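Before any comments, here is the structure.
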Amino acid sequence: MDKEIKDPEGILKVITALFGKLPAYIINAENEYPVKIIALKNKALIINTNLKFPNRDRILTVVHNGSKFLAYFIVAGGDGNGIEILTPVKIQITAATRQSSRVDTSQTQTGMVVSNIINVNDVSKAIGFDDKKVDAILLAYRTKLIKAFPLSSIFFAGRMDNRLRLMHHYDKDIFIIDRKEKSTASPDFFPFDEYLRIFDSSKIGDSYTSEICVPIKYKGYVHLGYVQVLAEKPLDLEIYKQIQTFSNAVSRDIINTGVFQESRDVCQVMDLSMGGISFIHAPSRSFSRSVTLNGTILFDLNLEAGKRVTIRGIIKNIRNQETNFRVGCQFYNLTEKDVEVLEAFLNVGKEEETVVASEPSDTPVDSDSSEEEAPVVGAVDEPGDPFGSSFEEPLDENPLPES
C-alpha cells in the first residue's frame with residue numbers, strides 16, 4: 001500500500017537514513033539515472049548530475065527492503081553546471097519494481113562468470129600497511145613525475161585527506177588553468193568556486209595559479225590517492241591528459257603487485273539485469289572474508305569472450321544451496337563506460353519485471369532456503385558516507401608530500 005510523508009521532520013529522517021547511504025537515482029523523462037549525492041546540508045540535499053531538466057522539480061529514488069522511496073524536491077540553488085541544492089517537499093513510498101530486462105543464464109549458454117571479488121573495506125586496509133613493492137613503485141613514479149614537473153607530488157594512503165574526499169564527493173578531477181580567471185574554468189572538472197575555498201584553506205603558496213589533481217583509483221571505483229601538479233603559469237589540456245595517463249599507470253602497477261587480496265574463485269552467473277546480479281559461490285575462506293550481507297564488493301563480470309566490466313555492488317541476499325551459496329547483489333553507481341557495455345549486452349528496453357523483496361538488512365543468512373530473490377539495496381557507500389563527514393573541512397595536509 002502506498003504511503004506519503006509530508007511532515008518536514010519525517011522527510012528529513014528518511015533522507016538522512018537512506019539518501020547518500022544507498023544507490024540513488026533521479027527521474028528524467030520517465031527514466032531513472034544514477035545520481036551522485038554530495039552531502040546533506042542545512043536540511044537540503046546537494047547532488048551532482050549532468051542531466052538537463054525542463055523545470056525546477058526533481059524526483060530522487062532509492063529502494064530498500066522491497067519498498068521504493070520517491071523523494072520530491074524543488075531546486076533551491078546550484079552552480080549551473082550540475083551541482084544542485086534540493087529542498088525536500090514530500091516522500092512517497094511504493095512497492096519496488098525492476099525497471100530493466102534480466103538475463104536468466106540458466107536458460108542460456110552465455111558462460112558469464114564473476115571473478116576477482118574483493119570487499120571495498122579490504123581495498124582501503126590493503127594500502128594502510130607498509131608494503132615494499134608498493135613503496136618501490138611509488139618512489140619510481142615520484143622520481144619520474146618530479147623530473148617532468150618539479151612542483152608535483154603523489155599522495156597515497158589508506159585514509160583520505162580532504163582534497164581526495166572532495167574529489168570523491170564531486171566525482172570530478174581538479175583542473176584549474178588559472179585560479180585568478182574564472183572564465184578559464186570548465187564544468188567538466190571540479191567546481192571553480194569550491195576550489196577557491198580549498199585553495200584559501202590550504203598551504204599552497206599564492207604564486208601558484210594552476211593545478212591539476214587526478215585521483216588514483218582501484219579499478220575506477222575506490223579512491224586510493226592522487227597525482228598533483230602545481231604551476232605558476234597556466235597548465236593546458238595536453239598536460240592534464242598526461243597526468244591522467246600517469247595516474248592510471250600508477251594504479252595499474254600497484255594492483256599488479258597483488259597487494260589487494262582479490263578472491264581467486266570463479267563464480268557462475270545465474271541472472272543479470274541493469275540493477276543487479278546473482279551468482280553461485282562455493283564455500284571458501286575468501287567467501288567468508290569478502291561476501292557479507294549488506295557489504296559492498298567489487299568484482300569483474302565476464303560477459304562473453306573479450307568483454308568484461310568491473311562492477312561495484314551491495315550484497316543483499318545470501319542463499320544456502322546445499323553445496324554452494326547463491327549471492328544476490330545490487331549494482332551501485334557504476335562508471336559510465338561499464339553502464340554502456342551492460343546496456344548494449346542486455347538490450348535495455350524490455351518489459352518491466354517485479355522485484356522480489358529481500359529480508360530486512362539485519363536478517364541472518366538463511367541456511368535452508370533456495371528461493372531466488374532479487375537484490376535490494378541497503379548499505380553505506382565506500383570509502384566514506386557523504387553525510388558522515390563535512391565537505392567544508394579546511395585542508396590541513398601538506399600539498400606536496402615528501403616522497
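Take the sequence shown: its position 107, counted from the start at 1, is 107 in UniProt numbering, and no numbers get skipped.
Glycine is no exception: its CB is placed at the ideal position from the N, C-alpha and C atoms.
Treat the numbers as computed from the prediction; the structure is a model and nothing was measured.
Original post:
Between Asp-135 and Phe-73, what straight-line distance do the alpha-carbon atoms span, to the nearest angstrom?
Top reply: Roughly 47 Å between the two C-alpha positions.
Original post:
Which first and last residues belong to the beta strand (DSSP E) in which Asn-347 is found?
Top reply: Taken as a continuous stretch (DSSP letters only), Asn-347 belongs to no beta strand (DSSP E), as it is neither H nor E.
Subject >> Integer Cβ distance of Ala-157 from Gly-258, believed to fall under 8 Å >> reply: Not quite, the Cβ-Cβ distance comes to about 19 Å (not below 8 Å), so this is no contact.
**OP:** Tell me Thr-87's beta-bridge partners as DSSP assigns them.
**Re:** For Thr-87, DSSP records a beta bridge to Ile-74.
Original post:
If you run the structure through DSSP and keep just helix, strand and coil, what is Ile-15?
Top reply: Secondary structure of Ile-15 (DSSP, three-state): helix.
Original post:
Can you tell which of Arg-163, Arg-197 and Leu-86 has the C-alpha that lies nearest to the C-alpha of Arg-58?
Top reply: When Arg-163, Arg-197 and Leu-86 are compared, the shortest CA-CA separation from Arg-58 is found for Leu-86.
Subject >> residue 404 versus Asp-178 - alpha carbon distance >> reply: The shown model of the chain, from 1 to 403, leaves out residue 404, and the question about it has no answer.
Original post:
By Cβ distance below 7 Å, which residues in the same chain neighbour residue 406 in space, the five residues on each side in sequence not counted?
Top reply: Outside the modelled stretch of the chain, which goes from 1 to 403, sits residue 406, for which no answer is possible.
**OP:** Give a yes or no on whether the C-beta atoms belonging to Arg-326 and Met-274 are separated by under 8 Å.
**Re:** No, the Cβ-Cβ distance between Arg-326 and Met-274 is not below 8 Å.
Subject >> Own chain, CB closer than 6 Å to Asp-300, minus 5 neighbours either side, in chain order >> reply: Hits under 6 Å: Ser-115, Asn-116, Arg-308 and Thr-310.
Original post:
Alpha carbon to alpha carbon, what distance is there between Ala-24 and Ile-47?
Top reply: Within the model, the alpha-carbon separation for Ile-47 versus Ala-24 is close to 10 Å.
**OP:** Report yes or no: do three or more beta-carbon pairs, one from the stretch 238-257 and one from the stretch 194-207, lie closer than 8 Å?
**Re:** No, the stretch 238-257 is not in contact with the stretch 194-207.
Original post:
For Gln-330, is the classification buried or exposed, using 16 other Cβ atoms within 10 angstroms of its Cβ as the cut-off for buried?
Top reply: So Gln-330 ends up on the buried side.
Subject >> Phe-287 - containing alpha helix (DSSP H), residue span >> reply: Under the DSSP assignment, Phe-287 falls in the alpha helix (DSSP H) whose first and last residues are 285-290.
Original post:
What is the C-beta distance between Ile-154 and Arg-142, in whole angstroms, given that I count them as a contact (C-beta under 8 Å)?
Top reply: Correct: roughly 5 Å between the Cβ atoms.
Subject >> First and last residue of the uninterrupted alpha helix (DSSP H) at Tyr-208 >> reply: Annotation: Tyr-208 is outside any alpha helix (DSSP H) and is labelled neither H nor E by DSSP.
Original post:
If you check the beta carbons only, do Ser-247 and Ile-216 fall under 8 Å apart?
Top reply: In contact: Ser-247 and Ile-216 (Cβ atoms closer than 8 Å).
Subject >> Cβ separation of Cys-267 and Ile-280, assumed to be a contact under 8 Å, to the nearest whole Å >> reply: Right, their Cβ atoms sit about 6 Å apart.
Original post:
Are the beta-carbon atoms belonging to Lys-172 and Phe-190 less than 8 Å from one another?
Top reply: Yes, the Cβ-Cβ distance between Lys-172 and Phe-190 is below 8 Å.
Original post:
When DSSP builds the beta bridges, which residues end up paired with Ser-115?
Top reply: Residue pairing by DSSP places Ser-115 opposite Asp-300 in a beta bridge.
Subject >> Whole-angstrom distance between Ile-146 and Val-123, CA atom to CA atom >> reply: Going from the Cα of Val-123 to the Cα of Ile-146 covers about 27 Å.
Subject >> Cβ-Cβ distance between Val-229 and Ser-152 below 8 Å >> reply: Yes; because the gap between Cβ atoms is below 8 Å, this pair is in contact.
**OP:** Confirm, please, whether the CB-CB distance from Gly-66 to Ala-17 is below 8 Å.
**Re:** With respect to Gly-66, Ala-17 sits apart: the two C-beta atoms are not nearer than 8 Å.
Subject >> Secondary structure of Glu-30, DSSP reduced to three states >> reply: In the displayed model, Glu-30 falls within coil according to three-state DSSP, outside both helix and strand.
Original post:
Considering only residues of the same chain and omitting the five flanking positions on each side of Glu-84, which have a CB-CB separation below 6 Å?
Top reply: These residues qualify, in order along the chain: Ile-47, Val-75 and Gly-78.
Subject >> Cβ-based neighbour list, residue 410, same chain, cut-off 6 Å, excluding 5 preceding and 5 following >> reply: Here the chain has residues from 1 to 403 only, and residue 410 is not among them.
Original post:
Taking just the CA atoms, how far does Lys-6 sit from Ile-176?
Top reply: Near 42 Å, if we compare the C-alpha coordinates of Lys-6 and Ile-176.
**OP:** List the whole-angstrom C-beta distance separating Asp-2 from Thr-94, where the pair is believed to meet the contact cut-off of C-beta under 8 Å.
**Re:** Indeed, because the Cβ distance is near 5 Å, the residues count as touching under 8 Å.
Subject >> Close beta carbons around Ile-11, own chain, < 6 Å, minus the five adjacent residues each side >> reply: Beyond the five residues adjoining it in sequence on each side, Ile-11 comes within less than 6 Å, by CB distance, of Ile-5, Pro-88 and Ile-91 in the same chain, given in chain order.
Original post:
Which class does Phe-189 belong to by DSSP, given the choice of helix, strand or coil?
Top reply: Phe-189 sits in coil when the DSSP states are folded into three classes, being neither helix nor strand.
Subject >> Lys-36 - DSSP class collapsed to helix/strand/coil >> reply: DSSP places Lys-36 in strand when its eight states are reduced to three.
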